Structures are given as C-alpha cells and as structure tokens.
Amino acid sequence: MDTDTLKLVRMLPEVQDPFQLFLVLRNDLQKPRSQLRNYRRVQFSSKALKSIQHPFHASHIEGFDAMGNRLAGQLNTAQARELSARLEAALDDSEARLDLLDLLFKEGSQCNLIAFRDAYLLATLEAEATQLSTRKLNLLILAQQSYLQKLGGFLKADQANTQEKLGGGKSTSETILEAQLRRLKAGLGFVAESLKLLKQEPLRHDYTLNLKELRNLSKIPFGDIKFGLDPMLRAASKLPTMEMNRQLMLDILRRAEARNPIVGYHEAGMYEILAQLQMVIGVGTHETKHHQRTFDLLTQGLIAIRHSVNLVGDMPSKPIDYACFQKYGQLCYEANSAYILLPFPVPPEHQERMRHAVDLLSKISDKPQAQGLQQKLAQAVATAQAKHSS
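The sequence shown begins at 0 in numbering that gives the first Met the number 0 and counts up by one.
This is the structure in structure tokens:
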C-alpha cells in the first residue's frame, strides 16, 4: 500500500474508532443516495420536458460515489472502465453496478481496503432498491464479509507494528503507544466478533421481489413469502447497513400478515443482532450506556417475539412455531445476561418470562438446541432466585 493510500485508510473514521463502524457506513450512504435521487429527478424532468437537457455531472465528485469510479480505477481493467462509463451515462444502471462488484470479487484480490469499503457501500445501495433480488443480497453478504476481513487484517497489522515500537519504558511516547495498543486490541476484537455474529451463507434460491408492488397488496402471494420475504429478512437481519429495505419488508409483512408469527420472528431477529453488536461494544468500551442500549434492544425483541408466541399458542405444529419458541427462549437468556452486565438484579417479571420460556421449550425438546437452551434458562432462573432471596 503506497503512502497516500495508507494515509487515506488511516483517516477512515472506522479505522480510528472501529466501534463506530456501522454508524459511519450508514452515514456515508447518504451521499450516493442523494446522487441517485438527484439523477432520477433529472430523468423525470427530462421525460416531461424532452427539449431540455439535464446532464448529470457526477464524475466531478471526488472519492466515493454511486458510479464506482474509484473502485473501477483500482481494478484498472477495460471491463471496469466500461462499467463505470455505463454508470456515468445512466446512474441507475443496476446491472452495471452489480457487474462491477462481481468483477472486484473475481479479479480484485490485489485491491486495497478502500476498494472493498466502496464495494460494501455500493452493494448496500443496490440492496436498498425496491427491486430486491437474491443476487443483490448475496453480493452484499460477500461485500460485508470481505470488508470486515480486510479491516481486521489492517488493524491486526497496525497492532503488530505498534507492539514492535514498545520498548518497555515509561516515557510519554511509550504511554501513548500503550494507550494506542489497547484501543487497537479492543477495536480488532469488535471487528472479529462482528465477523462471527454476521457470518451467513449466501441465499440459494434465486428470487426477485418488487417491494414497491408488495407495499400496495392486501395479501402477499405465498411464493413471495416463502422464497422472498422470509429468506431475505433472515439475511437482512445480519446486514446492519441495509436499514431501509429491512424495515420496508417488515412493514409489508406487518400490514398484510398481521396474524402470521413470522412477522414477530423476523422483527425479533433484527433486534437480537443489533443487541449483540451493542453488547460487544459495551464489553470493549466498558461504557454502561451500551449495555443499557443492549437491554433496550432486547426488550423490543422480546415484545415482538412474545406477540408471535401468543399467536402460536400452546400447540406448536409448524417450523415457524418451533422457531418462535426457540427465539423467545434465546432472547430471554440474552436479556438475563444484559441485566448482569448493567448490573441490575434480575427482576421477578423477567424471572417469570424465563420460566415461561422453559415451559415452552419443553414442548419442542426434541428440536436441535432446544434442550440445551432450556437447561441454561432453568439455571439462570435458579441463580436469580438465589440472589433475590439472599
């Protein structure tokens, strides 16, 4: 990596503070979103007033943009330049943007952290389109994993370099280096844990959803739930930058399938992942506010899954029923851990929730992991009761 690129990488906010990673990336999506909105507004005006030309000069924007100019420049192939030119001519050319991402993952192993960061943002941009496909989600899954790996690799190398500079003295410079090393270790730990939490396999069933059309339907076709919304929401729960369409898909399900337990299951899954990320931040920073945020997110998840559990009743018979019972038990256990981290005594009402979860899990004890979770919850209840009585 040349000196200028290294300087640019070190200036990235998530390199300076990895705990801000997903917040920073979500903020950085505002620029390409604005570019696309402006482009579409111009296109609409051009159609209404065909005699007036409204050129879109996005090529003059430096750094990251929705056309992938910087990414194409790093790939430096004729195909990459052609795809970037297509995007400059038509910014909403989704196929060109997806092909550019494919090209990076096939031929761009030599590209640096900046290129993979741009790819992560471009893939998120595509996954926010109302025409949502398996291909778009799989590219975002790959882009997220690739960027986290690259970021972790950079931080690990930086940590090793910092460690080498330490001489064991007590000078001011040594103190600064030690503080820097602690920050690097904590940040690297967060990136590594994020990789574990967000890891997932690509979607296997090729499917496309038109979210704009689904938004206006009072009843969703079965195929759109089974092959579209269900697997896509499972994937989206582990894609923190994909906020807009994740929420849109939940809203579509909530409005058209209010009596379907799948709604609360996916909503709870979203809150669970966000809570787990917050918990890792809290452990890494030792800041109580993150533990409180973890608890708040888990509470929202419990509200969502409790509604689904009520819809299932006492006689689970379908895979989604078993999944809801399992999710309820898991969130009860994670909320118990959050109480301990705050640290708060586990209140009687949550002890009651955990007992309820133990009872529910007994109904599906033949399912994988249900019995182990049931035992952990029973132990958590016993521990909470013992502390309360002492």
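For each residue, glycine too, the CB sits at the ideal point set by N, CA and C. These figures come from a predicted structure and were not determined experimentally.
In the assembly as shown, residue 245 is a buried residue. Its beta-carbon has 16 or more other beta-carbons within 10 Å. When Cβ pairs closer than 8 angstroms are counted between the two stretches, the stretch 191–211 is seen not to touch the stretch 96–113, the count staying below three. Collapsing the DSSP output to three states places residue 207 in a strand. Remark: C-beta atoms of residue 294 and residue 337 approach each other more closely than 7 angstroms. The beta-bridge partner set that DSSP reports for residue 275 is empty.
With the rule of 3 Cβ pairs closer than 8 angstroms, the stretch 182–199 does not count as touching the stretch 111–119.
For residue 15, the enclosing alpha helix (DSSP H) stretches over residues 12–15. Residue 347 counts as exposed, since fewer than 16 other beta carbons sit within 10 angstroms of its beta carbon.
Under the three-pair Cβ rule at 8 angstroms, the stretch 131–148 counts as touching the stretch 229–239.
Judged by DSSP in its simplified three-state form, residue 132 adopts strand. Spanning the alpha carbons of residue 353 and residue 332 requires a straight line of approximately 7 angstroms. Within the same chain, Cβ atoms closer than 6 angstroms to the Cβ of residue 263 are found at 303, 304, 306, 307, the five residues on either side in sequence being excluded. In the structure shown, the three-state DSSP call for residue 309 is helix.
Looking from the CA of residue 247, the closest CA among 119, 131, 368 belongs to 131. In this structure, residue 122 sits away from residue 90, with a CB-CB distance that is not shorter than 7 angstroms. In this structure residue 340 is in contact with residue 290, their Cβ atoms being roughly 5 angstroms apart against a cut-off of 8 angstroms.
For the stretch 285–352, the full-length alpha helix (DSSP H) segments reaching 4 residues or more read 287–311, 318–340 along the chain. The DSSP-derived three-state label of residue 217 is coil.
Closest in C-alpha terms to residue 367, from the list 358, 181, 318, 377, comes 318. Bounds of the alpha helix (DSSP H) holding residue 243 are 242–255.
Of the residues 358, 187, 74, the one whose Cα lies closest to the Cα of residue 158 is 187. A Cβ-Cβ distance of about 6 angstroms is found for the pair residue 165 and residue 173, placing them in contact under the 8 angstroms criterion. Counting the other Cβ atoms within 10 Å of the Cβ of residue 105 gives fewer than 16, which makes it exposed. The C-beta of residue 320 has 16 or more other C-beta atoms within 10 Å across all chains shown, which makes the residue buried. With a threshold of 16 other beta carbon atoms within 10 Å, residue 381 falls short and is exposed. With respect to the 7 angstroms criterion, residue 142 and residue 118 are classified as neighbours on the basis of their beta carbons. Going by C-alpha positions, residue 371 is about 22 angstroms away from residue 311.
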